[in-house]
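Remarks on the structure that follows.
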């Protein structure tokens, strides 16, 4: 069994970030997000009683999962993956350009790390027959979503949407997006029309979580209520739609947390 030195990997990651402008709030947000995902992965691994090797590997994947975001923000100052595939670029940087060697000396885990990073932001996972790779793909997808809830509950809405909160509060939730929540499924990017659709699509991440501990994490932090209550929705129909989203999400999380 090869040794994974997480503290060494963190030092190398911080060294890598020295080439980026951490005064840029979007870049700083992604640094904080990265370490939030590491904490969420640690939470999942601990509560799902995974062995130390899997836990260390999960933490390393969490540390590296968004490494492609920093070049994306440097080039475009945007999170739009239609312009720049951050997961694909992260894989290229680590494995085609050899950056992975800075973070871990052995090559034993490369394929697991590569697939987990490549698939972490996809709408759904492709068929994966290797149970170990599938496990790590599920861990990083859950941990990424869990810290995304933290981000959405505390960070600036203006920085995220590039619009004032007052503008977004006046929008509506599209019927097809509301129906996706009723159907207990994630919302596809192309299904979203308004910024509020985007906001609801983040709440709908719960429908792609894999572990009971992930649902308990959401409950412990009250993320559904905290995210929904960040805005004062103007229209009566919008307020009703958001209350329906709240009820559906809270019931779903409660059911899955008890498994």
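Residue numbers (full-length UniProt numbering): 1 to 259. Positions of the beta carbon are idealized from the N, C-alpha and C atoms, including for glycine.
| query | Quick one: Cα of residue 141 to Cα of residue 164, how far? | reply | 29 Å
*List in chain order: all unbroken alpha helix (DSSP H) runs of 4+ residues lying wholly within the segment 70-144.*
Taken in chain order, the unbroken stretches of alpha helix (DSSP H) that lie wholly in the segment 70-144 and span 4 residues or more are 86-91 and 110-119.
State the Cα-Cα distance for the pair residue 222 and residue 186, rounded to the nearest angstrom. One C-alpha to the other measures close to 20 Å.
- Task: Would you mind listing the alpha helix (DSSP H) stretches within the segment 159-208 that are 4+ residues and don't spill past its ends, in chain order?
- Result: 165-169, 175-182 and 195-203
Review point. If we count Cβ pairs, one from each stretch, closer than 8 Å, do we get three or more for the segment 172-181 versus the segment 189-201?
Key: yes
Q.
Just to confirm, is the Cβ distance from residue 103 to residue 134 under 8 Å?
A. no
Span separating the alpha-carbon of residue 123 from that of residue 207:
11 Å
- [ ] Would you kindly report the start and end of the unbroken alpha helix (DSSP H) that includes residue 242?
- [x] Going by DSSP, residue 242 is part of the alpha helix (DSSP H) stretching over 236-257.
TODO: Note down, in chain order, each residue of its chain lying with its Cβ closer than 7 Å to the Cβ of residue 233, except the 5 sequence neighbours on either side.
DONE: Closer than 7 Å at Cβ, skipping near neighbours: 169, 239 and 242.
| task | State the start and end residues of the unbroken alpha helix (DSSP H) segment that holds residue 16. | result | For residue 16, the uninterrupted alpha helix (DSSP H) segment begins and ends at 6-16.
Practice task
Taking residue 41 as the reference, give the member of 25, 13 and 64 with the closest Cα.
Solution key: 64
Open item on the list: Rounded to the nearest angstrom, what separates residue 148 and residue 34 at their Cα positions?
Closed with: 10 Å
Find the nearest neighbour of residue 66 within the set 224, 120 and 51, judged by alpha-carbon distance. 120
May I have the straight-line CA-CA distance separating residue 171 from residue 129, to the nearest angstrom?
43 Å
>> Taking 6 Å as the limit between beta carbons, can you name the residues of its chain near residue 47, skipping five residues before and five after?
In response: 213
| Exposed unless 16 or more other CB atoms sit within 10 angstroms - verdict on residue 112 | buried
Check your understanding: Mind checking whether residue 89 and residue 68 have CB atoms under 8 Å apart?
Key -> yes
inquiry  = If I measure Cβ to Cβ from residue 97 and keep anything under 8 Å in the same chain, skipping five residues before and after, which residues do I get?
reply    = none
Considering residue 230, what are the terminal residues of the alpha helix (DSSP H) in which it resides?
-> Note, residue 230: premise wrong, no alpha helix (DSSP H); not H, not E.
Problem set entry | Alpha carbon of residue 224 to alpha carbon of residue 218, nearest angstrom | 7 Å
Note down, in chain order, each residue of its chain lying with its Cβ closer than 7 Å to the Cβ of residue 31, except the 5 sequence neighbours on either side.
These residues qualify, in order along the chain: 17 and 22.
- Taking the Cβ atom as the reference point for each residue, do residue 93 and residue 145 lie within a distance shorter than 8 Å? Cβ atoms of residue 93 and residue 145: not closer than 8 Å.
### Message
To the nearest angstrom, how far is the alpha carbon of residue 55 from that of residue 236?
### Response
46 Å
Q. Exposed or buried, what is residue 180 when buried is set at 16 or more other beta-carbons lying within 10 Å of its beta-carbon?
A. Classification of residue 180: buried, given that the 10 Å Cβ count is 16 or more.
_DSSP-derived helix/strand/coil call for residue 147_ = helix
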